[in-house]
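Quick note on the working numbering: the sequence shown kicks off at 1170 and runs consecutively.
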Amino acid sequence: MTFWTEALGASVRYYDAGGIRTRVLEAGNGGPPLVLMHGLSGHAESFIRNVVPLSQAGYHVYAVDAIGHGFSDKPADVTYHSPVFEKHLIDLLDAIGADRAHLVGQSLGAWTAWRVALSHPERIRSLTSATGAGILLSDEASRRQSEEIHKKVGSVTARALEEPTRERVRARLEWLMASPERVPDELVETRFRIFNLPDSREVMGKLSAEQTSEDNRANLLTEDDLARTEVPVLLLWTDKNPTVPPTVAERAAQIVPGARYELIDDAGHWPQFEQPAEFHRILLDFLGGV
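Laid out in structure tokens, this is it:
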């Protein structure tokens, strides 16, 4: 299917989230709000295979372009550390009128969602971290591994952003997936065009460098943060994730009170795109028990 047919039944809307014009791919008829947050340099199309099916399960679904991403505003005068993304997400919840919402974050989106769950637990019904970024375990080996992952993500992202040709965009997307043939031409073209928007060329390189900087590591999720998490948590991982390995998610699930851990086979960094049926099965089972 094409993105167009997969999105039939959804609409593109723009919300004013604290002064940031924010693009959302939205579907649903007023059910519990379910907010989907993409990863670094991503956009709402990361969840193109999920918005309509999840809305058909009874949720009002919002796949969001985060601040500095996609077709949302990209201010050049902010430092793109974790608090900027957190504020934008809270402002978006206000804009859509969601007193409480289920959050599903992938990679950077999971890091953002988790920090909001810590600072505003009263606004969050549940948190799903899908191959999430930002988890820092306390042992020395995990700390070194986290630093290496941070640098690797920064490097591969910078290469795609500094000269966003179709070939470089495809190379980064293929790095994310378990198999390169899972990267459709339509996804490459979508991201290529977004990366070449004038405001993207101006801001996204700065955003990526700041988000993956050493200074931003002060905002990582420590074991103390995990232990004080109050909302229901699902850690949804894959066997071929090129960033944070499943062992980190397993350990995090042991620390978070009542957390659930699930592993999807034959998927890389985008389980929601690579294995959507299994992703939906696990996610909806979790949400149904919250």
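All C-beta atoms in this analysis are idealised placements derived from N, C-alpha and C, irrespective of residue type, glycine included.
Predicted, not measured: the structure shown is a model, and the values here were computed from it.
Cβ atoms of residue j and residue i: under 9 Å apart, would you say?
{"i": "L1305", "j": "S1315", "result": "yes"}
{"i": "F1216", "j": "L1356", "result": "no"}
{"i": "A1299", "j": "F1448", "result": "yes"}
{"i": "I1265", "j": "V1253", "result": "no"}
{"i": "Y1231", "j": "L1209", "result": "no"}
{"i": "T1246", "j": "R1192", "result": "Per the sequence shown, the amino acid found at residue 1246 is Asp instead of Thr. Against a cut-off of 9 Å, the Cβ pair of R1192 and D1246 comes out as no contact."}
{"i": "L1404", "j": "P1440", "result": "no"}
{"i": "G1200", "j": "H1229", "result": "yes"}
From residue i to residue j, what distance separates their C-alpha atoms?
{"i": "R1294", "j": "W1280", "result": "16 Å"}
{"i": "V1402", "j": "G1274", "result": "11 Å"}
{"i": "E1195", "j": "S1311", "result": "38 Å"}
{"i": "M1206", "j": "H1271", "result": "11 Å"}
{"i": "H1257", "j": "V1417", "result": "27 Å"}
{"i": "S1324", "j": "E1336", "result": "16 Å"}
Enumerate in chain order the residues of its own chain whose CB-to-CB distance from residue i is below 7 Å, with the five nearest sequence positions on each side excluded.
{"i": "E1399", "result": "P1290"}
{"i": "G1211", "result": "H1238"}
{"i": "W1344", "result": "V1325 and P1411"}
{"i": "V1459", "result": "R1294, S1295 and P1401"}
{"i": "G1197", "result": "S1224, Y1228, H1229 and V1230"}
{"i": "P1333", "result": "F1361, F1364 and N1365"}
Can you name the residues that DSSP bridges to residue i?
{"i": "L1296", "result": "L1272 and V1402"}
{"i": "D1185", "result": "R1190"}
Using the rule of at least 16 other Cβ atoms within 10 Å of the residue's Cβ for burial, across every protein chain shown, is residue i buried or exposed?
{"i": "G1339", "result": "Here the sequence assigns Arg to residue 1339, which means Gly is not the residue at that position. With 16 or more Cβ atoms within 10 Å of its Cβ, R1339 is classed as buried."}
{"i": "G1427", "result": "exposed"}
{"i": "L1177", "result": "exposed"}
{"i": "T1407", "result": "buried"}
Looking only at its own chain, which residues have a Cβ that is under 6 Å from the Cβ of residue i, when we skip the five neighbours before and after it?
{"i": "L1376", "result": "G1237 and Y1249"}
{"i": "R1360", "result": "V1338"}
{"i": "D1368", "result": "K1243"}
{"i": "V1425", "result": "L1395, T1398 and V1402"}
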